[in-house]
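Novice: So that we are looking at the same thing, I have put the structure below in structure tokens.
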Amino acid sequence: VLTSEEIDTPALVLDLDAVERNIARMAAECAAGGIALRPHAKTHKSPWFASRQSGAGAAGICTAKIGEAEVMARAGIDDILLTTELTRAKLDRFLDLLELARVTAVVESADAVADLGRAAALRGVEIPVLVDVNVGQDRCGVDSPEAAGVVARACASTEGVRLVGVQGYEGHLQHVLRADERRRLAFEAYDRLAAAVEAVRAVALDLDWVTTAGTGTYRYAIEHGLATEAQAGSYAVMDARYGAVEGVDFDAALFVVSGVVGRNRPGRLIVDAGMKTLSTDDGMPAVLGHADATYETVGDEHGRVTGLDATTERVWLVPSHCDTTINLHDRYTLVRGGRVVGTLPIAARGRVT
Ligand SMILES: Cc1ncc(COP(=O)(O)O)c(C=O)c1O
């Protein structure tokens, strides 16, 4: 039980002691490994977290969406990498943001470079960009060193665009359960990234920003030696899916506390946390402290729990996926040393445009 106090349920609870340990530990590991840390704010969606991470030495933050970047920049976060390609309709907002913070875009094609260049020229500014490389997730990014070279040359010849580095995020490897297998696959991804970096460096000789890695792979990025920066996000709060990955041992800091609202079926409790409270894209949440107990959603507002005593009043759950669960909530309830110490708005939640 995380707190002796009643918290109105369902609530998203953050254990501040665990958060602080995680932030300090990742910062120390990256510093010792000689790599910068740019935490991904798509996980916590909170400028408070971003400031804590900066205070611990982070080089800046990442956001996935321009809406998240707007929230962070307006809160005073001054160095933001937008890790997702921009559609044309967002270019004006991006240029507005440049007035508030150092914001870097990623590009995957010469066409995108031309769009950015045109938009920048209209305002007489320069947009810093990274060439985005597909290292196996088959999402965005160029597919070959040759294509990386084409995008780099387009940057070099386009006014209003300044090539500053390369991004290659290996999202498909973060949850590979076995550490040796994950390491082997990550090294393959970084070798693929290295070939693209070489092609880009043929155009931009002094390029010194290579950004990659998440909570499951940052150690291998350090060991491999190519990357200058890690983009881990989930480590700050963790979730049940990452908790099952060998060698990922940050502390669980994020919980949902639910209240029992139904007990009419023997062996089963019904709680007041369903799909509107807990995401299930990565499976069902775990029941905290009861490895044999199970939780499953039974609709928007209800969950069914087995394996707990019939007199249970509150059930603590560990979300299966932190990013998508946090996105469902307006605020964190903050707990320290077993006491509720306040709430924190999740300011960038729902900023998906
Ligand atoms: C581009 C990018 N970088 C970094 C991360 C952070 O990864 P994690 O939350 O697994 O640490 C993500 C997460 O999805 C991402 O999309």
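Residues 1 to 353 in the numbering used here are what the sequence shown spells out, letter by letter. Virtual Cβ for every residue (Gly too), placed ideally from N, Cα, C.
(1) Below 8 Å on the Cβ atoms is my contact criterion, and I expect residue 30 with residue 36 to pass it. Report the Cβ-Cβ distance as a whole number of Å.
(2) Could you tell me how far apart the beta carbons of residue 210 and residue 188 are, in whole angstroms, since I believe they sit closer than 8 Å?
(3) Verify whether the separation of the beta carbon atoms of residue 113 and residue 166 is less than 9 Å.
(4) Measure from the alpha carbon of residue 60 to the alpha carbon of each residue in 81, 68, 226, 127, then state which is nearest.
(5) Looking at the secondary structure, which residues open and close the beta strand (DSSP E) in which residue 132 lies?
(6) Residue 319: buried (16+ other C-beta within 10 angstroms of its C-beta) or exposed?
(7) Examine ligand 1 and report whether any of its heavy atoms sits within less than 8 Å of the Cβ of residue 69.
(8) Residues around ligand 1, please: the ones whose beta-carbon is closer than 5 Å to some heavy atom of it, in chain order.
(9) Excluding five sequence neighbours on each side, which residues of the same chain lie with their C-beta closer than 6 Å to the C-beta of residue 9?
(10) Confirm, please, whether the CB-CB distance from residue 343 to residue 277 is below 9 Å.
(11) Using three-state DSSP, classify residue 316 as helix, strand or coil.
(12) By how many angstroms is the C-alpha of residue 71 removed from the C-alpha of residue 96?
(13) Could you give the residue range of the beta strand (DSSP E) that holds residue 171?
(14) At which residue ranges does the segment 147 to 203 contain complete alpha helix (DSSP H) runs of 4 or more residues, listed in the order of the chain?
(15) Cβ atoms of residue 234 and residue 412: under 9 Å apart, would you say?
(16) Could you tell me if residue 46 is buried or exposed, where buried requires 16 or more neighbouring beta carbons within 10 angstroms of its beta carbon?
(17) Alpha carbon to alpha carbon, how far is residue 184 from residue 322?
(18) For residue 243, I'd like the list of residues in its chain whose CB is within less than 8 Å of its CB, leaving aside the five on either flank, ordered along the chain.
(19) Whole angstroms is fine: what's the gap from residue 180's alpha carbon to residue 6's?
(20) Rounded to whole angstroms, what is the Cα-Cα separation between residue 145 and residue 77?
(21) So is residue 352 buried or exposed if we call it buried at 16+ other beta carbons inside 10 Å?
(22) Does the distance from the CB of residue 379 to the CB of residue 3 come in under 9 Å?
(23) Of the residues 225, 269, 74, which one's Cα is nearest the Cα of residue 305?
(24) How is the beta strand (DSSP E) around residue 334 delimited, first residue to last?
Specialist: In this structure, then:
(1) As a first step, residue 30 is located in the sequence shown; it is residue number 30 there, counting from the start. As a first step, residue 36 is located in the sequence shown; it is residue number 36 there, counting from the start. Yes, they are in contact, since the Cβ atoms of residue 30 and residue 36 sit about 7 Å apart, within 8 Å.
(2) Position 210 of the sequence shown, counted from the first residue, corresponds to residue 210. Position 188 of the sequence shown, counted from the first residue, corresponds to residue 188. Rounded, the Cβ-Cβ distance is 16 Å, inconsistent with contact.
(3) As a working mapping, residue 113 is identified with position 113 in the sequence shown. As a working mapping, residue 166 is identified with position 166 in the sequence shown. Contact: no.
(4) For the purposes of this step, residue 60 is identified with residue 60 of the sequence shown, where counting begins at 1. The residue from 81, 68, 226, 127 with its alpha-carbon nearest to that of residue 60 is 81.
(5) Position 132 of the sequence shown, counting from 1, holds the residue named residue 132. That run of the beta strand (DSSP E) goes 127 to 132.
(6) By one-based count along the sequence shown, residue 319 stands at place 319. In the assembly as shown, residue 319 is a buried residue. Its beta-carbon has 16 or more other beta-carbons within 10 Å.
(7) Along the sequence shown, one-based indexing puts residue 69 at 69. Checking the Cβ of residue 69 against ligand 1 gives no.
(8) Residues with a Cβ closer than 5 Å to any heavy atom of ligand 1, in chain order: 40, 83, 169, 174, 214, 215, 231, 232, 233, 234.
(9) If you number the sequence shown from 1, residue 9 lands on position 9. If the five residues before and after residue 9 are omitted, its C-beta is found closer than 6 Å to the C-beta atoms of 257, 258, 259, 272, all from its own chain and listed in chain order.
(10) Numbered from 1 along the sequence shown, position 277 holds the residue referred to as residue 277. Numbered from 1 along the sequence shown, position 343 holds the residue referred to as residue 343. No, the pair does not count as a contact, with Cβ atoms beyond the cut-off.
(11) Against the sequence shown, residue 316 aligns to sequence position 316. DSSP places residue 316 within a strand segment (E or B) once states are collapsed to three.
(12) Here residue 96 is taken as the residue at index 96 of the sequence shown, counted from 1. Here residue 71 is taken as the residue at index 71 of the sequence shown, counted from 1. Roughly 13 Å between the two C-alpha positions.
(13) Walking along the sequence shown from the start, residue 171 turns up at place 171. Where residue 171 is concerned, there is no enclosing beta strand (DSSP E), given that its DSSP letter is neither H nor E.
(14) Residue ranges of uninterrupted alpha helix (DSSP H) with 4 or more members, entirely inside the segment 147 to 203 and ordered along the chain, are 179 to 201.
(15) Only positions 1 to 353 of the chain appear in this structure, which leaves residue 412 out of reach.
(16) As a first step, residue 46 is located in the sequence shown; it is residue number 46 there, counting from the start. The residue in question, residue 46, is buried, as its Cβ has 16 or more Cβ neighbours within 10 Å.
(17) Locating residue 184 in the sequence shown gives position 184, where the first residue counts as 1. Locating residue 322 in the sequence shown gives position 322, where the first residue counts as 1. Rounded to whole angstroms, residue 184 to residue 322 spans 26 Å at the Cα level.
(18) Stepping through the sequence shown from its first residue, residue 243 is reached at position 243. So the qualifying residues of the chain are 252, 286, 318.
(19) As a working mapping, residue 180 is identified with position 180 in the sequence shown. As a working mapping, residue 6 is identified with position 6 in the sequence shown. Cα-Cα distance, rounded: 43 Å.
(20) Numbered from its first residue, the sequence shown carries residue 145 at position 145. Numbered from its first residue, the sequence shown carries residue 77 at position 77. Rounded to whole angstroms, residue 145 to residue 77 spans 33 Å at the Cα level.
(21) Indexing the sequence shown from 1 puts residue 352 at position 352. That one is exposed.
(22) In the structure as shown, the chain starts at 1 and stops at 353, and residue 379 therefore has no counterpart that could be examined.
(23) Within the sequence shown, residue 305 is the residue found at index 305, counting from 1. Of the listed residues, the one whose Cα sits closest to residue 305 is 269.
(24) In the sequence shown, residue 334 corresponds to position 334, counting from 1. 331 to 336 is the extent of the beta strand (DSSP E) around residue 334.
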